[in-house]
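Worksheet: the structure to be examined is printed underneath.
Protein chains in written order, with our numbering: chain A, 506 to 803; chain B, 2 to 179.
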């Protein structure tokens, strides 16, 4: 008897009286091999369900001894009298055949946009992510960082508008790579070249006297940083997903300037310390250009 | 988007740090009494208009010139004491000028009748760490000279003057001042 094994039951045709048993081999009108009851009235469609390895040998022996027409799959052509109407495919085996290329996703961050609309600084950013076997997810994030901040106490004003780019890769942590939801961890390398303006009240010398205006315009700087990313996304409907990520950012370096340090680095955030926390909330769209199909037409 | 905390420096006073040494190059305390003054120039702005009373201000007042007053500027020397009666001192921290190229320090001793003068040449620049921490004037020492009544010689050890508190200048006093 050749049968495929299933890792789990579907409960559509499971007789409740035999629920304590893993193995049942049932054909309409015949006695249940384990509880000795007849479940004909319970079985809407005659079914064969053999779930586990440990019980498979038992079922084989029983089936052979009784010469059941339970040759459920390929060898059943010579036994056309068997009434097998439903076959539970082996999903695990099918999953192993997931193609390498699983398409692109395009996403936009709304958290940074909200911060820009309601605060002094924020980002407008979008990301393009490639899915390889739905496991490795290389990503490019492009954005525009904006800051227009005046400190309440010092009255120093800082302004910057500049683009940034982040390159990185995520790893899908979910065991089931077939589902549309993802939980991922990853790394990013961020880079930005920008010009900023900083000015403030006149500096008055309290001892020697004198004062001069303080205004630095068009100071050029370049910054690099790394990010550790942890996030998730869930399918909302069809190709639309939503998700969030939390990021720990490490500032690597910035162009040194005697006069000032950038208060805000586009794509990184404020520069009070060498590391900072941040997050994103993403609207995500699957782009199924040339997406590889599951083997067997899945 | 990001959020972070700002760490401003603990000591936000920018001063030039002088350390005292003897002629053997050993750190030493100056047993004599020391006063340090700076020589600076102050200006007065005088406004005159026929038929009206003359007025003088320490700062220019644009309203007078707009109303037909003539402005005359006079300069005068105004000394300020930075160190008062330091005894057994091993070091001192002094303010530097924000906008002058050379600071002139006058050291008055208790036992030596004539004072010494130190000329400190420097470039100054505004530094802002973050807007929350405010703005400061840092300095880069370019040269230092002195007279030799109580001072043997003087040298720059760290040309960058900021709020880190590091030694910037060493003063080697001769045996008269020690």
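We put the CB at the ideal spot given by N, CA and C, even for glycine.
The model shown is predicted, which means the values in this text are computed figures rather than measured ones.
Chain E contact residues for residue 717 of chain A, given Cβ-Cβ distances below 7 Å
Reference to chain E is not applicable here, since the protein chains of this structure are A and B.
Beta-bridge partners of residue 787 of chain A, as assigned by DSSP:
In DSSP, residue 787 of chain A forms a bridge with A:614, A:748.
The stretch 131 to 146 of chain B: positions lying closer than 8 Å to chain A by Cβ:
Look at the stretch 131 to 146 of chain B: the residues with a C-beta under 8 Å from a C-beta of chain A are 131, 132, 133, 134, 135, 136, 138, 139.
When you compare the CB of residue 700 of chain A with every CB in chain B, is at least one pair closer than 8 Å?
Not one chain B Cβ lies under 8 Å of residue 700 of chain A.
Taking all protein chains shown into account, decide if residue 664 of chain A is buried (16 or more other Cβ within 10 angstroms of its Cβ) or exposed.
Buried.
Do residue 612 of chain A and residue 787 of chain A have their C-beta atoms within less than 8 Å of each other?
Yes. Within cutoff.
CB of residue 17 of chain B within 8 Å of CB of residue 95 of chain B, strictly:
Contact: yes.
C-alpha distance - residue 716 of chain A paired with residue 140 of chain B, whole-angstrom precision:
Computed Cα separation, rounded: 16 Å.
Taking 6 Å as the limit between beta carbons, can you name the residues of its chain near residue 76 of chain B, skipping five residues before and five after?
Sequence-distant Cβ neighbours of residue 76 of chain B in its own chain, meaning closer than 6 Å and more than five residues away, are 42, 44.
Run down chain B in chain order and give the residues with a C-beta less than 9 Å from the C-beta of residue 603 of chain A.
For a Cβ distance threshold of 9 Å, nothing in chain B lies close to residue 603 of chain A: the least Cβ distance comes to about 34 Å.
Per DSSP, residue 72 of chain B is paired with what?
Paired residue(s): B:48.
Quick one: Cα of residue 646 of chain A to Cα of residue 125 of chain B, how far?
Taking the straight line joining both Cα atoms gives about 41 Å.
If the cut-off is 7 Å on Cβ atoms, which residues from the stretch 663 to 685 of chain A count as contacting chain B, listed in chain order?
Against chain B - using a Cβ distance shorter than 7 Å - the residues of the stretch 663 to 685 of chain A are 663.
Would you call residue 127 of chain B buried or exposed, if buried means 16 or more other Cβ atoms sit within 10 Å of its Cβ?
Looking at its Cβ environment, which holds 16 or more other Cβ atoms inside 10 Å, residue 127 of chain B is buried.
Anything in chain A within Cβ reach of residue 41 of chain B, meaning under 9 Å, just list it in chain order.
Taking the beta carbon of residue 41 of chain B as reference, the chain A residues within 9 Å of it are 712, 713, 714, listed in sequence order.
Shortest alpha-carbon distance to residue 721 of chain A belongs to which of B:136, B:174, B:173?
Residue B:136 is the option with its Cα nearest to residue 721 of chain A.
Helix, strand or coil: which one does DSSP assign to residue 667 of chain A?
In the structure shown, residue 667 of chain A sits in a strand (DSSP, three-state: E or B).
Return no unless some Cβ of chain A is closer than 8 Å to the Cβ of residue 129 of chain B.
Using a Cβ-Cβ cut-off of 8 Å, residue 129 of chain B counts as an interface residue toward chain A, since at least one Cβ of chain A sits closer than that to its own.
Buried or exposed: residue 689 of chain A, going by 16 or more other Cβ atoms within 10 Å of its Cβ?
Label assigned to residue 689 of chain A: buried.
Residue 726 of chain A and residue 773 of chain A closer than 8 Å at C-beta
For residue 726 of chain A and residue 773 of chain A, no; Cβs fall outside 8 Å.
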